[in-house]
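What follows is one structure encoded as structure tokens, with my remarks underneath.
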Amino acid sequence: MFDINIGRDPPVHVWDPTKMQTSSILKGQHYRGISALGFSRNGKWLASVGLDDYRTIVIWDWKKGEKLASQRGHNDKIFCLRWNPHDDDRFVTVGVKHIKFWTKAGGGMTAKQGVFGKAAGKQGKQNQMCVVFGKTVDSCITGGGDGSIYIWTGTALTKKIDDAHEGPLFAITA
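What follows is the structure in structure tokens.
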């Protein structure tokens with residue numbers, strides 16, 4: 001369980017709900033606030049996305065309170081971050097007209113931009129609001145700001161279900 005704040009040096013408070021106490025306080029890496037958080041499947045890492053101009057992503061060893069890696073996330077807003085449940089070293093971020101596929105490697109991380117391509121249709125790129133992983137390591141599903149559902153394989157959009165909802169999809173689960 002975690003709690004986030006906004007401000008000049010916003011901390012992330014990781015809570016232990018069984019003991020009703022703080023397990024860790026992570027700070028000194030973000031400015032203005034934090035827009036998204038996610039724990040890795042193995043529970044060892046916590047990734048956070050800052051509200052700074054570069055939407056900086058930080059991967060933490062939250063139990064030790066140490067930063068493991070930091071990198072610019074995107075030039076525009078990031079709404080959601082999800083770790084891959086099939087691979088502890090991979091996660092995805094989504095936001096304003098983008099999706100990025102990340103890999104944690106040693107003391108850093110690398111990203112590949114998602115390719116909307118022809119499957120996006122006439123509307124082209126749309127805001128991606130939320131993400132969930134599918135049954136395989138290379139599949140995920142995103143919810144669009146246009147109410148559509150987007151199905152991804154690898155880094156490519158393979159199918160779009162137009163107007164699945166009347167408004168934006170803010171949450172999705174599989």
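Residues 1 to 174 (UniProt numbering) are what the sequence shown spells out, left to right.
The beta carbon of each residue, even a glycine, is placed where N, CA and C say it ideally should be.
Buried or exposed by the 16-neighbour rule on C-beta atoms within 10 Å, applied to residue i
| i | result |
| --- | --- |
| residue 1 | Any answer about residue 1 is weak, because its pLDDT of 44 lies below 50 and its placement is not dependable; what the coordinates show is given next. The residue is exposed, with fewer than 16 neighbouring Cβ atoms inside 10 Å. |
| residue 163 | exposed |
| residue 75 | exposed |
| residue 160 | buried |
| residue 64 | exposed |
| residue 104 | buried |
| residue 90 | buried |
| residue 118 | exposed |
| residue 29 | buried |
| residue 55 | buried |
| residue 123 | exposed |
| residue 17 | exposed |
Identity of the residues DSSP links to residue i by a beta bridge
| i | result |
| --- | --- |
| residue 91 | 83, 102 |
| residue 160 | 150 |
| residue 24 | 14 |
| residue 142 | 131, 150 |
| residue 108 | 105 |
| residue 113 | 100 |
Local conformation of residue i per DSSP, three classes
| i | result |
| --- | --- |
| residue 120 | helix |
| residue 16 | strand |
| residue 96 | coil |
| residue 171 | coil |
| residue 137 | coil |
| residue 71 | strand |
| residue 1 | With a pLDDT of 44 at residue 1, under the threshold of 50, the predicted position of this residue should be treated as unreliable, though the coordinate-derived value follows. Coil, per DSSP. |
Residue i vs residue j beta-carbon contact at 9 Å
| i | j | result |
| --- | --- | --- |
| residue 133 | residue 94 | no |
| residue 170 | residue 129 | yes |
| residue 99 | residue 152 | yes |
| residue 157 | residue 108 | no |
| residue 26 | residue 81 | no |
| residue 49 | residue 35 | yes |
| residue 46 | residue 31 | no |
Closer than 8 Å: residue i CB and nearest the ligand MG heavy atom
| i | result |
| --- | --- |
| residue 159 | The model on display carries no ligand, and the ligand MG is accordingly not part of it. |
- request: May I have a chain-ordered list of the beta strand (DSSP E) segments no shorter than 3 residues that lie completely inside the region 36–68?
  value: If we require 3 residues or more, the beta strand (DSSP E) runs fully inside the region 36–68 come out as 45–50, 57–61.
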